[in-house]
Every structure is written in C-alpha cells, then in structure tokens.
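K.L.:
Numbering (my numbering), first residue to last: 15 to 304.
Think of the CB as a built atom: it goes at the ideal place given N, C-alpha and C, for glycine as much as any other residue.
Computed from a predicted model, the values in this text were never measured in an experiment.
Pasting a structure below so you can have a look.
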C-alpha cells in the first residue's frame with residue numbers, strides 16, 4: 015500500500031508552521047528529509063509531519079529550536095509515546111496558557127490523525143473532564159476554563175455544520191433543557207448521530223418548551239434528544255420538564271430521549287417515561303440498528 019504523503023502547503027496547514035520555516039529547519043538541521051517529485055516539489059510522510067509537530071510542541075514548552083532538535087534526536091529511538099497522551103498533555107498546556115489558537119490547532123491535528131469518532135471519545139471527552147477537574151480544584155481560573163470549553167464547543171459546532179449527510183436522512187433534533195446552558199454534551203451527541211446517518215438540528219442552550227414544540231411540528235424529527243447536565247432545569251423549570259414529558263406522550267411516533275448528570279439524579283423523582291433515559295449513543299441507536 016502506498017503511504018500517504020503531503021505537499022509543503024498541506025504540512026504548513028497541519029502544523030501551523032510557515033513554509034519558509036519548514037524549509038529552514040529542513041536545510042539547517044536535516045531533521046526531516048522529504049522526497050522530491052520529478053518536478054522538484056517536496057513530499058512529506060506522516061512521520062515527518064509528526065516530527066515537525068513534536069518539535070513545535072518542544073518549542074512551545076520553552077526550548078529553542080536547537081534544543082528541540084537535540085532533544086528529539088536524543089529521544090527518537092525511545093518507543094513513541096501514546097499519541098493520545100501527547101494530545102492530552104498538549105491540550106492541557108494550551109488550556110493552562112488560555113491559548114485559544116493552540117487549543118483549536120491541536121484539535122484540528124487530532125481530527126486529522128484520528129478521525130471524528132476517536133477524536134471525540136479519546137481526546138475531547140477526557141480533555142473536558144480534566145478541564146472540569148482543574149476548575150473544581152481551583153488549579154484553573156474561570157478564564158482558562160471558559161476559553162478551553164468555548165474553543166471545544168466552537169470546534170464541535172464547525173464539525174457538525176460541515177459534515178455531509180444526505181438531505182433525505184432522518185432528522186435528530188437536539189436541545190438543552192430549559193435553563194440548561196451546557197451545550198457541549200449535545201454537540202457531541204449530535205455528531206455521533208451524524209456518524210450513524212442522521213441529519214441534525216440543535217436549538218441551543220436554554221430554549222423555551224414552546225420552541226421545542228414548534229421545532230417538532232415544523233421539522234418532524236425521527237428522534238428528539240434533550241440534555242440536562244446540571245440540576246437547574248429540575249429545580250427551577252420543573253413545570254417545563256413535565257410539559258416536555260406530555261409532549262413526548264402526544265408524539266408516540268417520535269423517539270424521545272433525555273440524559274445528562276442532572277437528569278440521572280431526578281429521572282425517577284419526576285416519573286419520566288415517554289422521555290427515555292439515555293446515557294450513551296448506544297442507548298439511543300443500538301449497534302444492531304446501525
């Protein structure tokens with residue numbers, strides 16, 4: 015099988031290094047040695063792209079390029095660290111520095127390397143969990159948490175909007191519960207639905223129950239997904255939750271699912287039945303039905 019190669023423009027886009035700087039490192043340090051096509055154009059392997067990414071990470075940690083090259087050469091024969099761990103550490107470092115641009119770039123690199131499903135399961139979800147832990151432990155301030163979360167949210171929104179699904183595919187309508195503003199779990203869930211062949215529509219944070227009802231009447235979804243990560247909806251908008259339960263009872267031909275940490279705490283207390291409790295995408299779309 016022919017190994018995938020990249021032009022210098024593609025490498026520049028993937029690494030966020032200028033073409034001039036890539037050539038300079040190549041000529042001065044011989045750290046990478048790309049092949050050349052008959053027309054003289056450079057072509058880079060995946061390993062060479064990863065080498066440049068590693069050098070960039072060393073430099074971001076405070077090394078000079080000379081120190082980064084020496085460190086790379088010294089350690090290159092050591093078995094390669096788990097690439098997932100590399101992205102975890104790099105994202106936490108970028109978040110600690112509240113470096114929105116670097117967080118976004120690392121997410122793009124991980125997307126390129128792993129694909130959407132693995133990106134979400136192995137990179138995004140653990141990163142968000144760590145962000146929450148650092149904030150709860152007061153190791154991070156609100157600004158670091160906000161920058162990290164908002165950048166992930168915007169990145170996921172971009173993926174969802176640019177993911178092709180046929181126009182005649184069934185629709186999954188997603189929404190936070192009234193009062194709930196944590197929309198990232200729903201972004202992730204809708205992307206997982208898209209990977210399983212569904213079009214998606216998201217109403218956004220804290221919609222009115224009437225907005226959800228209107229969207230159902232207008233868009234006629236096959237499934238409706240609701241999330242409550244916090245207890246706000248159940249403590250302050252209890253009547254709205256009961257209204258949504260009645261809405262699900264009326265629309266028997268539509269599958270309604272509800273989830274989130276707050277929901278799990280209150281599901282039995284609110285005696286929800288038509289709103290089926292879901293903890294994972296498999297509870298909504300079992301593998302046998304894919």
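1) What is the residue span of the beta strand (DSSP E) that residue 272 lies within?
2) Return the chain-ordered list of same chain residues with a C-beta closer than 7 Å to the C-beta of residue 305, the five sequence neighbours on each side being excluded.
3) Please classify residue 62: is it buried, with 16 or more other beta-carbons within 10 angstroms of its beta-carbon, or exposed?
4) Enumerated in chain order, which unbroken segments of the alpha helix (DSSP H) with a length of 4 residues or greater are wholly contained in the region 60-86?
5) How should residue 232 be labelled, buried or exposed, when 16 other C-beta atoms within 10 angstroms of its C-beta is the threshold for buried?
6) Taking the alpha-carbon of residue 192 as reference, which of 244, 178 and 64 has the nearest alpha-carbon?
7) Is residue 46 near residue 19, with beta carbons less than 8 Å apart?
8) Can you tell which of 214, 68 and 227 has its C-alpha closest to the C-alpha of residue 60?
9) For the alpha helix (DSSP H) containing residue 121, list its first residue and its last residue.
10) What residues match up with residue 237 in a beta bridge as DSSP calls it?
11) Among 292, 84, 275 and 159, whose alpha-carbon lies nearest the alpha-carbon of residue 146?
12) Ordered along the chain, which non-local residues of its own chain (more than five positions away) have a Cβ less than 6 Å from that of residue 198?
13) If we ignore side chains and look at the alpha-carbon of each, how far apart do residue 205 and residue 298 end up?
14) Using only the alpha-carbon positions, how far apart do residue 112 and residue 263 sit?
15) As a quick exercise: from 220, 172 and 253, pick the residue whose alpha carbon is nearest that of residue 214.
16) Going by alpha carbons, who is nearest to residue 229 out of 185, 281 and 200?
17) Name the two residues that bound the continuous beta strand (DSSP E) containing residue 213.
18) When the Cα atoms are used, what is the spatial distance from residue 36 to residue 240?
19) Checking the sheet assignment: what are the DSSP bridge partners for residue 57?
20) Can you tell me the Cα-Cα spacing of residue 253 and residue 234, whole angstroms?
21) Label residue 28 either buried or exposed according to how many other C-beta atoms from any shown protein chain fall within 10 Å of its C-beta, with 16 as the threshold for buried.
22) Between residue 105 and residue 151, what straight-line distance do the alpha-carbon atoms span, to the nearest angstrom?
23) Distance check for residue 176 and residue 265, CA to CA, integer angstroms please.
24) Between the alpha carbons of residue 196 and residue 31, how many angstroms are there, rounded?
25) Run the CB neighbour count on residue 293, radius 10 Å, all protein chains shown included, and call it buried at 16 or more, exposed below.
26) Here's the rule I'm using: 16 or more other beta-carbon atoms within 10 Å means buried, otherwise exposed. How should residue 13 be labelled?
27) I need the straight-line Cα distance from residue 99 to residue 133, nearest angstrom please.
P.N.:
Answer, in terms of the structure:
1) 269-273
2) Outside the modelled stretch of the chain, which goes from 15 to 304, sits residue 305, for which no answer is possible.
3) buried
4) 60-74
5) exposed
6) Ranking 244, 178 and 64 by CA distance to the CA of residue 192 puts 244 first.
7) no
8) The option with the nearest alpha carbon to residue 60 is 68.
9) 114-128
10) DSSP lists 186 and 269 as partners of residue 237.
11) 159
12) 167
13) 13 Å
14) 45 Å
15) 172
16) Minimum Cα distance to residue 229 is reached at 185.
17) 213-216
18) 47 Å
19) 49
20) 24 Å
21) Within a 10 Å sphere around the beta-carbon of residue 28 sit 16 or more other beta-carbons, which makes this residue buried.
22) 18 Å
23) 30 Å
24) 34 Å
25) Its Cβ having fewer than 16 others within 10 Å, residue 293 is exposed.
26) Outside the shown range of the chain, which is 15 to 304, sits residue 13, and nothing can be said about it.
27) 12 Å
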